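Visitor: Heads up: the sequence shown begins at 68 in this note's numbering, then just goes up one per residue.
Just so you know, even glycine gets a beta-carbon here, dropped at the ideal spot from N, CA and C.
In this text, all values refer to a predicted model and were calculated from it rather than measured experimentally.
After the structure tokens below, expect a handful of questions from me.
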Amino acid sequence: MIFRLHPDSCEFPPAELAEEDGLLAIEGDLSTQRLLRAYSQGIFPWYSEDTPILWYSPHERFVLFPDEIKISKSMRQVIRSGKFSVTEDKAFERVIKACASAARKNQPGTWILDEIQEAYINLHELGHAHSIEVWFDNELAGGLYGVKHNNVFCGESMFSTISNASKTALAWLCLNKGYQLIDCQVHTEHLESMGARFISRAEYMQHLNKLPELLS
68 MIFRLHPDSC EFPPAELAEE DGLLAIEGDL STQRLLRAYS QGIFPWYSED TPILWYSPHE
128 RFVLFPDEIK ISKSMRQVIR SGKFSVTEDK AFERVIKACA SAARKNQPGT WILDEIQEAY
188 INLHELGHAH SIEVWFDNEL AGGLYGVKHN NVFCGESMFS TISNASKTAL AWLCLNKGYQ
248 LIDCQVHTEH LESMGARFIS RAEYMQHLNK LPELLS
């Protein structure tokens, strides 16, 4: 059953009631309050300009455990070479716009519409969404962005204009930020080759609801 969200409430139906493809609800809005409520329940928006807002919660989650990341020998050499420099939250708006304009295999357009960009820029300004930027000769060559909830990084999209730039961003995220889990949302062969795999929604929610350990 697909639920229609009430415009005056940020409540979502139980994620377990999602359709087989993960579609749970339609409509609503992209307010900060609704987006944060969605991510806290393992729900995310994914739609195109010719559909209403669609909210998904897959029964299986495609995720990457940072300590399971597979970095090839050649990729390790790229990282050690210093070819790229990496920053965090230095160019969020540029990253999300680059992700929106990046060409995707078997995707004629983008789901990162102007309203999506505005909503996630607002999340970033409030400290909930973050970007990793990869630079080559002082030019933005790749990166990724996503939403942080507890100790899980919910990845939204990545882009690359130079070979290995997006892989560098993901490797840096896994090796330097101490996240328990990277939520990849949608399966790709590229991410699978780097160690991402499916887990059940129940296991995913256990990680999502676990608070980060406090430093002593």
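Rounded to whole angstroms, what is the Cα-Cα separation between A167 and H257?
Guide: Taking the straight line from one Cα to the other gives about 18 Å.
Visitor: According to DSSP, which residues form a beta bridge with W202?
Guide: S152, L207, per the DSSP bridge assignment.
Visitor: Indicate whether G245 and M225 have their beta-carbon atoms separated by less than 8 Å.
Guide: In this structure, M225 does not lie closer than 8 Å to G245 by Cβ.
Visitor: Is it true that the region 90–106 meets the region 236–243, where meeting means three or more beta-carbon pairs spaced less than 8 Å apart?
Guide: Verdict: no, contact absent.
Visitor: For M288, name the three-state secondary structure that DSSP assigns.
Guide: The structure shown does not extend to residue 288, since the chain is modelled only from 68 through 283, so no value can be given for it.
Visitor: So, is A269 buried or exposed, given that buried needs 16 or more other C-beta atoms within 10 angstroms?
Guide: Flag for A269 reads exposed.
Visitor: Is I110 closer than 8 Å to F70 when the C-beta atoms are compared?
Guide: The answer is no: Cβ separation not under 8 Å.
Visitor: From what residue to what residue does the alpha helix (DSSP H) around S124 run?
Guide: S124 -> no alpha helix (DSSP H), and no H or E assigned at all.
Visitor: How about V153 and V219: do their beta carbons lie closer than 8 Å?
Guide: No. Outside cutoff.
Visitor: Hey, is the region 184–204 in contact with the region 133–148, meaning 3+ C-beta pairs nearer than 8 Å?
Guide: These segments do not touch.
Visitor: Can you tell which of I179, E160, N217, K164 has the C-alpha that lies nearest to the C-alpha of H191?
Guide: Among I179, E160, N217, K164, the Cα nearest to that of H191 belongs to E160.
Visitor: In the DSSP assignment, what residue or residues form a beta bridge with H197?
Guide: According to DSSP, which records beta bridges pairwise, H197 is partnered with G213.
Visitor: Please state whether the Cβ-Cβ distance between A208 and A232 is less than 8 Å.
Guide: Their beta carbons are under 8 Å apart, which means A208 touches A232 by this criterion.
Visitor: Please state whether DSSP places I229 in a helix, a strand or coil.
Guide: Here I229 sits in coil by DSSP.
Visitor: Does the beta-carbon distance from D250 to C221 come in below 8 Å?
Guide: In contact: D250 and C221 (Cβ atoms closer than 8 Å).
Visitor: Output the boundary residues of the beta strand (DSSP E) element that contains F265.
Guide: 264–267 is the span of the beta strand (DSSP E), which, as asked, contains F265.
Visitor: Can the beta-carbon of V214 be found closer than 8 Å to that of Y114?
Guide: No; because the gap between Cβ atoms is not below 8 Å, this pair is not in contact.
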